[in-house]
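In the working numbering, the protein residues as written are 569 to 752.
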């Protein structure tokens with residue numbers, strides 16, 4: 569497998585080093601033109617490029633992998649975007665996963681599921697849950713709603729039922745309506 573190596577130097581175009589592997593159809597190129605450093609590997613089907621200027625670095629390739637034996641830090645003073653346009657995206661941690669924002673945080677999806685194998689907790693000074701369709705809350709063994717004052721209301725009908733014992737009690741209990749029925 570003989571390689572063809574070319575070195576070009578020019579006062580106008582800078583420096584260019586090219587290595588051609590004709591057997592495998594691969595051309596490797598390094599160019600430095602005084603403002604931009606470009607590393608390129610062109611194969612029969614794909615080309616990967618690393619371009620660096622004084623202000624930016626751009627990497628274009630088919631697949632990109634970063635592996636560190638200890639830690640990876642990505643930090644930006646302005647914005648950080650992480651996205652995929654055609655396929656799924658996953659974010660996982662071998663231990664704890666923490667997300668925080670100093671201002672607002674939002675999460676959305678066509679269908680959204682949040683689950684925990686142990687305990688799940690949602691907290692805030694005010695918490696609201698709403699659905700444009702139906703809202704269902706259930707507990708496998710118990711369901712408890714409590715607060716200094718609890719209000720349950722319905723615009724149409726309200727049904728309270730139990731297949732076991734139903735208790736309604738308070739220090740003062742009022743049942744009122746234009747028609748009140750007791751018993752079956």
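Backbone N, C-alpha and C define an ideal beta-carbon position, used for all residues, glycine too.
query                                                                                          : result
For residue 584, the residue or residues it bridges with in DSSP                               : 576, 599
Contact belief for residue 615 with residue 626 at Cβ below 8 Å, rounded distance in angstroms : With 8 Å as the limit, residue 615 and residue 626 do not qualify as a contact, their Cβ atoms being about 13 Å apart.
Start and end residues, beta strand (DSSP E) containing residue 618                            : 615-620
Alpha-carbon to alpha-carbon, residue 586 and residue 669                                      : 47 Å
Start and end residues, beta strand (DSSP E) containing residue 608                            : 605-610
Beta-ladder partner(s) of residue 589, from DSSP                                               : 594
Nearest-angstrom Cα separation, counted from residue 660 out to residue 639                    : 15 Å
Distance between beta carbons of residue 610 and residue 595, contact taken as under 8 Å       : 5 Å
Nearest residue (CA-CA) to residue 715, options 741, 694, 698, 728                             : 694
Helix, strand or coil at residue 743 according to DSSP, with G and I counted as helix          : coil
Integer-rounded CB distance, given that residue 577 should sit under 8 Å from residue 583      : 5 Å
Integer-rounded CB distance, given that residue 579 should sit under 8 Å from residue 593      : No, residue 593 and residue 579 are not in contact; Cβ-Cβ is about 33 Å, not under 8 Å.
Residue 628, DSSP secondary structure in three states                                          : strand
Minimum C-alpha distance to residue 726 - residue among 602, 737, 745                          : 745
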